[in-house]
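*Asks:* Numbering (the numbering used here), first residue to last: 436 to 695.
#1: Select from 688, 653 and 687 the residue whose C-alpha is nearest the C-alpha of residue 552.
#2: So, with DSSP's three-state summary, where would you put residue 624?
#3: Where residue 694 and residue 624 are concerned, what is the direct C-alpha to C-alpha distance, given to the nearest angstrom?
#4: Just curious, the alpha helix (DSSP H) that residue 525 is in, first and last residue?
#5: Can you look up residue 544 in the DSSP assignment and give me helix, strand or coil?
#6: Does the beta-carbon of residue 602 have 16 or more other beta-carbons within 10 angstroms, so that it is buried, or is it exposed?
#7: For residue 664, is the classification buried or exposed, using 16 other Cβ atoms within 10 angstroms of its Cβ as the cut-off for buried?
#8: Hey, is residue 531 close to the ligand SAH, as in C-beta under 7 Å from one of its heavy atoms?
#9: Assuming residue 586 and residue 570 are in contact, meaning their beta carbons sit under 8 Å apart, how far apart are those beta carbons, in whole angstroms?
#10: From residue 615 to residue 634, what distance separates their C-alpha atoms?
#11: Is it a yes or a no for the stretch 639-655 touching the stretch 562-579, going by three-plus beta-carbon pairs under 8 Å?
#12: Could you please give the first and the last residue of the uninterrupted alpha helix (DSSP H) stretch that includes residue 673?
#13: Give the list of continuous beta strand (DSSP E) stretches no shorter than 3 residues that lie fully inside the stretch 542-580.
#14: Which two residues bound the contiguous beta strand (DSSP E) that contains residue 608?
#15: Flag this pair as touching only if the stretch 535-553 and the stretch 591-599 have three or more C-beta atom pairs under 8 Å; answer yes or no.
#16: Could you give the distance in angstroms between the alpha-carbon of residue 533 and the alpha-carbon of residue 560?
#17: Would residue 636 and residue 662 qualify as a contact pair, given that the criterion is a beta-carbon distance under 8 Å?
#18: Between 621, 627, 613 and 683, which lies nearest to residue 558 when the distance is taken from Cα to Cα?
#19: Give me whichever residues DSSP pairs with residue 630 in a beta bridge.
#20: Which residue comes first and which comes last in the beta strand (DSSP E) that contains residue 656?
#21: Rounded to a whole number of angstroms, what is the C-alpha to C-alpha distance between residue 605 and residue 618?
#22: Helix, strand or coil for residue 647, going by three-state DSSP, please let me know.
#23: Please name the residue, chosen from 544, 562 and 607, that lies closest to residue 685 on a Cα-to-Cα basis.
#24: Pull up the distance between the alpha-carbon of residue 620 and that of residue 546, whole angstroms please.
#25: Less than 6 Å between C-beta atoms, sequence neighbours within five positions excluded: which residues of the same chain meet that for residue 629?
#26: To which residues does DSSP link residue 582 through a beta bridge?
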C-alpha cells in the first residue's frame with residue numbers, strides 16, 4: 436500500500452498493538468455512547484486506529500460521523516432518513532493482502548463491540564462461512580472494506596448468481612472497516628440481511644435489514660426500531676432483482692471457489 440507521509444501497514448499495526456486498550460473520547464461524543472475495546476489515539480499526527488469507529492444514532496444526527504469517518508460535508512445526508520451509506524472521503528486503495536492483515540488484527544475488537552448490541556448474530560457471524568478471499572472495497576457501502584458471511588441456512592449463497600431463493604432463517608452478514616489515504620483506520624457498521632417467513636414483510640421481499648454501529652448500538656432495523664434509517668437498504672437491494680432474491684454478490688475477483 437502506498438500512503439502519504441510514508442505511513443506503512445507495519446506502522447499501522449505496530450501502533451495498534453502498542454496502544455491497544457487505550458480509551459480516547461471522540462469529538463462531540465454523545466453522553467452514554469459506548470466505545471468498543473481497542474479505541475486508539477492519534478499517533479504523531481499520522482495514524483488513528485479506532486475500533487469504536489463512528490458513533491451511532493443521535494451523534495450521527497450531529498454530524499460526528501462526518502468528522503470521524505471522513506464523510507464529506509459537501510454531500511448532505513439526512514442521518515434520520517438516509518438514502519445511502521455515509522461515505523469515506525479519500526479512501527485508501529489497499530492491496531488484498533494488506534486489507535486482510537489489517538482486518539485480522541482488528542476483528543476481535545470489532546466483534547467485541549458488535550456483540551454489545553445483544554443480537555446473537557453480532558458475535559456468531561465470524562464463525563460462519565466467508566465468501567470472499569480478502570476484504571474488498573465496496574462503493575455501495577461508502578467505500579468501506581467489507582467481508583461477506585452467511586449462516587448454514589444461507590449456504591446456497593456460495594453459488595452466487597445461481598444461489599436461487601434463500602430459505603427462511605438465512606442470514607447474511609457483512610462487517611466493515613475503513614482506511615483513509617493518510618493511514619487512518621476505522622471500524623465500520625455490521626450490515627445484516629435476514630430472510631423471514633413468507634409474507635412477513637412483502638415490501639422488502641421478506642428480508643429484514645439491520646445495521647449495527649461500531650459501538651454496538653442499533654442504527655436501525657426494518658420493521659423495528661429505526662426502520663426509517665435503514666429503509667434505503669431494502670430499496671437498494673431491490674435493484675438486484677427478484678431473480679437474485681434481492682441479493683448482490685461478491686465481485687468475481689474476490690470470490691472463494693467452492694467445490695461442493
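Cβ atoms here follow ideal geometry from the backbone N, Cα and C, with glycine treated the same way.
*Replies:* Answer, in terms of the structure:
#1: 653
#2: coil
#3: 31 Å
#4: Per DSSP, residue 525 belongs to no alpha helix (DSSP H) and is neither H nor E.
#5: helix
#6: exposed
#7: buried
#8: Among the components of this structure there are no ligands whatsoever, and the ligand SAH is therefore not found.
#9: No, residue 586 and residue 570 are not in contact; Cβ-Cβ is about 20 Å, not under 8 Å.
#10: 42 Å
#11: no
#12: 662-673
#13: 571-573
#14: 606-614
#15: no
#16: 22 Å
#17: no
#18: 627
#19: 642
#20: 653-656
#21: 36 Å
#22: strand
#23: 607
#24: 16 Å
#25: 606 and 643
#26: 610
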